[in-house]
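Just below is one structure, and these are the notes that go with it.
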Amino acid sequence: MRRWGIRKKVLVVTLVPTLMTTLLLGMFFTYSWVNNIESLLRDRGESLSRQLSAASEYGLFTANRSLLSSLSNALLEEQDVRSITFFDGSGSRLLHTGPGGSDTISVDALPEEDATRISQQTSTRFITPVYMQDLMIESMLDPDARQNLSQRREPVGWVAVEMSHIRTEKETYKALLISLLLILSGVLVSLAIAMRLSRAFTDPVFELNAAVAKLKEGKLDTRVHTGAGPEFEQLESGLNAMASELSQAQAEMQQNIDQATEDLRETLETIEIQNIELDFARKEALEASRIKSEFLANMSHEIRTPLNGIIGFTELLLKSPLPRQQRDHLSTIRKSSEILLTIINDILDFSKIEAGKLILDRVPFQLRDVVEEVMVMLAPAAHSKNLDLVPLVYNDVPDNIMGDPLRVKQVITNLVNNAIKFTQTGEVVLRASLEEEDSENNKVSLRLSITDSGVGLSRAQQQSLFNAFSQADASTARQYGGTGLGLAISKRLVEEMGGKIGLESELGKGSTFWFTLTSELSASGESVSPKDALRGERILYLEQQKTTGLAVEHMLRDWGMTVDRVNSPATMQEQIEDAQKSQSGYALAIIGITRHLLSSNQYCSLLRTLEIERDCRTLLLTPTLETHDTPLSGLTSGHLTKPVCRDALYDELLLLVHGINAGNRNPQDEVVPINSLPAGSVPRVLAVDDNEANLKLVMTLLKDHQIEAEGAASGFEALSKARQKPFDLVFMDLQMPGMDGVETTTRLREMDLPGHRTPIIALTAHALADEQERLTQQGFDGYMAKPISSSQLTDTIRDYTGYICETVQTGRQSQLPEIRDTRRALRPSTRKMQQDCVSVEESILLAAGKADLAEELFSMLLEQMSADMVQIEKLWNSQDMEELLECVHKLHGATRYCGVPELRLSANRLETALKCSAPDTEHQKNQLIAAIERLNIWSEQTDWQQLFREKRPKAETS
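Position in the sequence shown counted from 1, then plus 699, gives you my numbering.
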């Protein structure tokens, strides 16, 4: 209905009420008319039957048929009377006048008292009973008697008057026809009126629509006049006014268009001129960018060249014997040079990124190794500020992934270094977790976050922190230095690797820098052997730094070990004693301390008690400071620096728990040299550099490694020396006057003999372009960026000639200092309760209460014991059981006069086992050797002479 037109709606609104009203009135009047006709027929029939009943009383009583016939004939003259029938008192038909004489009426249908009627299809019979009237005077005067008499009397007959329906039906049809004609007339009149009204309403609307259509077509001179009434006059005036305004607006718009076209034409001419100028400016910018890149490359070379000499010769001086003050000055020079080199590297990395020349490697690497390398490298800076530096890499993080390990390490180093820089107290925690894993595509998404407890950042500082050359504190009085490029470089590197970087910080409450790393899993990664050798071992752990303790405990539990944490040295000592009493002692006690506890007497006493008295191996975890000369360093079986690396901790635990030295479990794959030299031959090396300091540094480093080397200050000199004799390796500087390194290399390649290619390594400070690929195409075999370190030089010599420098071997050994006490062998911890190692009171008691005699006897036992231990081992190896029994018996006898319960019990058990040839003889021998070692350690770590002297009487000591 909503989509009906106006005309249809007007017709519906007009016709429907009229039609409904007409139909209802017609039906009402027709119904009334028909009822009136039927009512008139019924009333006439009842009236005629009553009249005939009264008139026929005597005739029925006397059965006078002639009288009844005259009455009926007179009544048949009435309209609608069809027939008349008289019944006697028994119900038998007495006389019938009119058609339908065969119709009979049963006696039961004759009424007893009141008149009744019987309707048929074409007629209706009105039957009235006829009673005899009592004309006696007494009955007439007494109403009650008359009524009772009438009730007792029975009818003398009945009169039936049949009324025909023919005229009634005609009247009914006539009424229906007249009603129908009246309804149709009303509907037609209503329809005519509705059509007229709808046309009067819709014609103006159509005219208005036509006018709007013309206006839409652009005929703005169209006007409309319908004359349909005041409402349409307002609409007409509004439409005409709108058309007038549109016509005026069109004229103004056309004028504006003409003006704008003219302005646009002038603007296009101006833009064309500007495009020409911009093209010139673009060319100038590209040229300026090229000049900038060349300038950066040249400045890199010019700055790195003197830095190479400064750092190199500083390292050479530090290797020589120097006074402490001069060594401190040289260390300051080296650190300052390294800081300057770091700034140069940041600027060059940023220039690489801006120039779009940063190329990321895609090689398999182990994420945990990268994290541990960064932590070990930055640990001294954190521990110098008493910060807790902790790596937390969760178990579900895969280790072998694909990517650029150098750039990942650079981002982590930058973020951790910033956290250390801006944190004064507390901790710096690196967390690595698995964010998403795609098994179908063999990809993972990792999240690395660095949380510190430092100064925090405001919202304004956070918004600009990742911009280049931007710092949280950019004032001239700022506390923290730097170029402001570290975070910008990290952001670009992370985005280049397909990740995101961000931070969460609150001023005064620390910061959390995070970045995501999406990478593929390395299918060809090295299979890591499971660390199951320590599964089931019990460890007791005391740690002062909560987060470090959590990280170490996480690693230990990952290896299947049971870790119990304690909070104080006294609790640790008590728990180890209780465990040994229950015959289930701990395999190891790990003790982690902070810088201010390095000289703690309480911890010295704890280590001495655990190692000597309880025979429990201990592992000391200390900050990465000079802790080797502290009192604690000589008391512990093992020593590692924080943060703890997984492999180093596992190897140390294997050694302390099982006595397995796994330091060389995973040797590095040897690089196959390009030109392997005969065994024992020293390579001949040619160094070419136009800078006198750099050339001298390279020559000095080579001579320190006892390598035959010659120097050349130019390309011409290098060619001259190469013609005189062949060289096994050439170090070639790229930028040299006259003949540069590329041209010199090309001429040297022409001198190569068939089947022999002289390795030529490029020495350059250009770090902006992709040097390695370009230099490979120019004939170089390798690349070394300045400044050159001694380790880089020796590694290159080994890789390309196969020669291992002597100082490299010793140097590498010196990089792994042996912290533990090498004067004794390591053995696993004692898990059961044992006798005391030494009892001074028992010694004095066995010496008849004389302390000086007890001291002398104990001294004699110590002198005999060392020789006996060597003799016992020798005799056991030679299986000379008789001599071994005599030696043990002698030692057992000596222990009877000294307070050494453990050694006495071990000697007694071994002597008994030797006499009985027991199967556990070897075990008892080992127990005796362990008891001797413990007694030796106790004597070395304890001032036992003072203990004996304290037991002397005062008069004797005075």
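For every residue, glycine included, the Cβ atom is placed at its ideal position computed from N, Cα and C. Source: prediction; values computed, not measured.
Whole-angstrom distance between residue j and residue i, CA atom to CA atom
i, j, result
"T1493", "H1404", "8 Å"
"R1511", "L977", "For R1511, the pLDDT reaches just 37, beneath the cut-off of 50, and the residue's location in the model is therefore unreliable, leaving the point undetermined."
"I1290", "L1164", "40 Å"
"L1319", "A1081", "19 Å"
"T1712", "I736", "Since the first residue shown for the chain is 700 and the last is 1657, residue 1712 is missing from the structure and cannot be characterised."
"G1454", "T1323", "51 Å"
"L710", "E861", "53 Å"
"R743", "E777", "10 Å"
"I1459", "G1478", "8 Å"
"L1462", "M1431", "6 Å"
"W1678", "L718", "The structure shown does not extend to residue 1678, since the chain spans only 700 to 1657, so no value can be given for it."
"E1225", "E1139", "Since pLDDT at E1225 reaches only 47, below the 50 mark, its modelled position is unreliable, and the value read off the structure follows with that caveat. Rounded to whole angstroms, E1225 to E1139 spans 21 Å at the Cα level."
"P1268", "S1605", "30 Å"
"Y1596", "L1306", "29 Å"
"H864", "R898", "51 Å"
"L890", "V715", "10 Å"
"N772", "V888", "53 Å"
"F905", "E944", "22 Å"
"F1212", "K1341", "22 Å"
"Y796", "I877", "Per the sequence presented here, residue 796 reads as Thr, with Tyr not at that position. When rounded, the distance between both Cα atoms is 37 Å."
"A950", "R964", "21 Å"
Environment of residue i [buried if 16+ CB atoms lie within 10 Å]
i, result
"N1113", "buried"
"M1564", "buried"
"F1168", "Low confidence applies to F1168: its pLDDT is 44, below 50, so where it sits in the model is not reliable enough to give any reading."
"L1059", "exposed"
"Q1623", "buried"
"F994", "exposed"
"E1601", "buried"
"I1543", "buried"
"L1086", "buried"
"A984", "exposed"
"P1079", "exposed"
Limits of the alpha helix (DSSP H) - the one that residue i falls within
i, result
"H1455", "Premise fails: H1455 is in no alpha helix (DSSP H) and is neither H nor E."
"H1588", "M1580 to T1594"
"Y1302", "N1300 to R1307"
"E1312", "Careful: E1312 lies outside any alpha helix (DSSP H) and carries neither H nor E."
"M1076", "L1066 to H1082"
"K1280", "P1268 to K1280"
"M1568", "A1550 to S1577"
"Y1349", "R1345 to H1357"
"M1254", "K1245 to D1257"
"I1628", "T1620 to Q1640"
Span of the beta strand (DSSP E) around residue i
i, result
"N1099", "N1099 to G1102"
"W857", "G856 to S863"
"S782", "V780 to D787"
"G725", "No beta strand (DSSP E) holds G725; the alpha helix (DSSP H) holding it covers I705 to A754."
"I1200", "I1200 to S1204"
"P798", "Here P798 belongs to no beta strand (DSSP E), and DSSP marks it neither H nor E."
"V1387", "R1383 to V1387"
"L1287", "L1287 to G1291"
"P828", "S822 to V829"
"A1484", "G1481 to A1484"
Residue-level contact to chain B via CB, residue i, 8 Å cutoff
i, result
"I1111", "In the structure shown, chain B does not exist; there is a single protein chain."
**OP:** Assess, as a yes-or-no matter, whether the segment 874-887 is touched by the segment 719-730 under the definition of 3 or more beta carbon pairs within less than 8 Å.
**Re:** Touching, per the Cβ criterion.
Original post:
Within the chosen definition, does the segment 1630-1640 reach the segment 1573-1580 through at least 3 CB pairs nearer than 8 Å?
Top reply: no
Subject >> At least three beta-carbon pairs within less than 8 Å, the segment 754-768 to the segment 912-921 >> reply: Not touching, per the Cβ criterion.
Subject >> the segment 1253-1273 touching the segment 1230-1245, judged by at least three CB pairs closer than 8 Å >> reply: yes
Original post:
Which ranges does the alpha helix (DSSP H) cover as unbroken runs of at least 4 residues, wholly within the segment 864-922, from first to last along the chain?
Top reply: 865-915
**OP:** State whether the segment 1386-1404 contacts the segment 1425-1435, with contact taken as three or more CB pairs (one from each stretch) at a distance under 8 Å.
**Re:** yes
**OP:** Go through the segment 1399-1441 residue by residue and report every complete run of the beta strand (DSSP E) that reaches 3 residues or more, in order.
**Re:** 1407-1411 and 1428-1432
Original post:
Taking contact to mean at least 3 C-beta pairs separated by less than 8 Å, is the segment 1002-1014 in contact with the segment 1480-1493?
Top reply: yes
**OP:** Tell me, please, whether the segment 1191-1204 touches the segment 1061-1073 by the rule of three or more beta-carbon pairs shorter than 8 Å.
**Re:** no
Original post:
Do the segment 1568-1575 and the segment 1550-1558 touch if we need at least three Cβ pairs shorter than 8 Å?
Top reply: no
Original post:
Would you call the segment 1127-1134 and the segment 1266-1284 touching, i.e. three or more CB-CB distances under 8 Å?
Top reply: At 8 Å Cβ cutoff, the stretches do not touch.
**OP:** Jot down the residue ranges of each uninterrupted beta strand (DSSP E) in the segment 1085-1138, minimum 3 residues, whole runs only, in chain order.
**Re:** 1087-1092, 1099-1102 and 1126-1137
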